[in-house]
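Be aware that the sequence shown starts at 1, since it is given in this note's numbering, and climbs by one per residue. By construction, the Cβ of each residue, glycine as well, lies at the ideal position given by its N, Cα and C atoms. In this text, all values refer to a predicted model and were calculated from it rather than measured experimentally. Everything on this sheet refers to the single structure shown next.
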Amino acid sequence: MQPVLLVLFMGLIGALIGGFTNYIAIKMLFRPYHPVYLFGRQLPFTPGLIPKRRDELSVKIGEMVTNHLLTPDVFKQKVLTPDTRHFLERLLRQQVETLKEERYTIKYFADQWNYSIEEQVSAQIEEKVRTVLSQLALTQSFNELLPAAAQDTLTKKVGGASVLLLDKFQDYVRSDKGYQDILNMVETFFMQKGKLISMLQMFMTAEAIADRVQREMLKLTDEDKIKNIIQSEVDKEYGRLMTTAPIDYIEESKIQQLISQTAATITKRLNVQHYTRTPLIRLLPEAFAYVEAKGIDRLLDTGLMHLADNIPVILEKIHLSELIKEQIDRFELSFIEKLIIEISNKELKLITLLGFLLGGIIGLLQGVIALFI
């Protein structure tokens, strides 16, 4: 009986030693969290394995995740799946439907950011118009200010100026007023030139002279040469005028006043409030119709493909492995221990039980061997 008890006792001792050894080994994976010193010397196996290799562990986990788990191909496949597209399409259509509500205006979104959009836009438009008009009026000539079509029209009009002027002149000369003005000038001429010239009235009356002057003036205006002379002078003056600027004819202060009034008028006519306070659905109905019919599909087609093609660049820019390492390094060691134990609690218990079992078997074998020595 005594030998049997000895064998059982050694088996029990072996089981306790094996189980406790495995339990201590598991605990030493995490504990202690920090180095332990005795008489100024660091004790071996302190800190525990995971705390000691924490940096290496976090680096390896980051590399493993980025190289084998969350690879660019994985992200690309996920982005291009029908489920992702359907989810984004449903989300975008919900947002479009939300924007159709009457309360959503440009001013509404600006107010969310405390931005006075009406005042800012009006001020910027007025300033821009004032700047452009100032540059045009003060520095540019009429040749630069007027568009080519307007210049062509003016040139054609000026090209017929001589004919128009002479026609008007002939109409005036033929009129009663024109004849009376010529007669008055003839009478004034005789009165101013004294008696010698006045003696001509004995041979020719003022009316006769006026008639002769009228006929000669009409005859002169029918000459092509006089038409060419007048047209040449008109063309010269027109060419000179086109090289000048408004500032050459109007005082700068009056131009600035005119510019300010024009800018204010344009800004007022634009009616910024109409655009900022009209609901988006009424302000941009065609845009909403296009977005619902084709816009969302085109955005998803191009956007998802562009996103998928640029995933490697995005992952490289955000340094995913380093990001994972930083997040792991932020975990408390106690949290890591708890996390690992929760994940592998069953396996760790089996390891401890296996220690008891192997220790017990070894203890029984030692007891049996001891009986025969």
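Nonlocal neighbours in the same chain, by C-beta distance under 6 angstroms from residue i, ignoring five residues either side
| i | result |
| --- | --- |
| Val213 | Ile182 |
| Phe142 | Met242 |
| Gly62 | Ser321, Ile324 and Lys325 |
| Pro410 | What is shown of the chain runs 1 to 373, which leaves residue 410 out entirely. |
| Pro346 | Per the sequence shown, residue 346 should be read as Lys rather than Pro. Around Lys346: no qualifying Cβ. |
| Ile26 | Leu348 |
CB of residue i within 8 angstroms of CB of residue j, strictly
| i | j | result |
| --- | --- | --- |
| Pro246 | Ile255 | yes |
| Pro3 | Leu371 | yes |
| Ala210 | Val186 | yes |
| Ile266 | Val129 | yes |
| Val234 | Ala150 | no |
| Val36 | Thr46 | yes |
| Ala264 | Glu97 | no |
| Leu354 | Arg85 | no |
| Lys227 | Leu166 | yes |
| Leu333 | Tyr23 | no |
| Leu5 | Gly363 | no |
| Val368 | Val65 | no |
| Val272 | Val121 | yes |
For residue i: DSSP bridge partner residues
| i | result |
| --- | --- |
| Arg31 | None; Arg31 has no bridge partner. |
Residues of its chain near residue i, where Cβ-Cβ distance is below 7 angstroms and the 5 sequence neighbours each way are ignored
| i | result |
| --- | --- |
| Pro72 | Ile311, Pro312 and Leu315 |
| Leu92 | Ile296 |
| Ile336 | Ile50 |
| Phe383 | The first residue shown for the chain is 1 and the last is 373, placing residue 383 beyond what the model contains. |
| Lys76 | Ala308 and Ile311 |
| Leu29 | Gly48, Leu49 and Ile50 |
Own chain partners of residue i with C-beta closer than 8 angstroms, once the 5 adjacent residues on each side are dropped
| i | result |
| --- | --- |
| Tyr172 | Gly178 |
| Gln140 | Ala245 |
| Gln366 | Met10 and Gly14 |
| Leu304 | Val79, Leu80, Thr84, Arg85 and Leu88 |
Do the segment 18–26 and the segment 356–363 meet, that is, are 3 or more Cβ pairs less than 8 angstroms apart? Two segments are said to touch when three or more pairs of C-beta atoms, one from each, lie closer than 8 angstroms; by this definition the segment 18–26 touches the segment 356–363.
Can you list the alpha helix (DSSP H) stretches of 4 or more residues lying completely in the segment 32–91, in chain order? 49–52, 54–64 and 72–79
Within the segment 286–340, note down every full alpha helix (DSSP H) run reaching 4 residues or more, in order along the chain. Counting whole runs of 4 or more residues, the segment 286–340 contains the alpha helix (DSSP H) stretches 296–309, 311–318 and 320–330.
Check whether the segment 107–125 touches the segment 288–304, counting contact only when three or more Cβ pairs, one atom from each stretch, lie closer than 8 angstroms. no
Please list the segments of the alpha helix (DSSP H) lying wholly inside the segment 226–281, counting only runs of 4 or more residues, in order along the chain. 252–270 and 272–277
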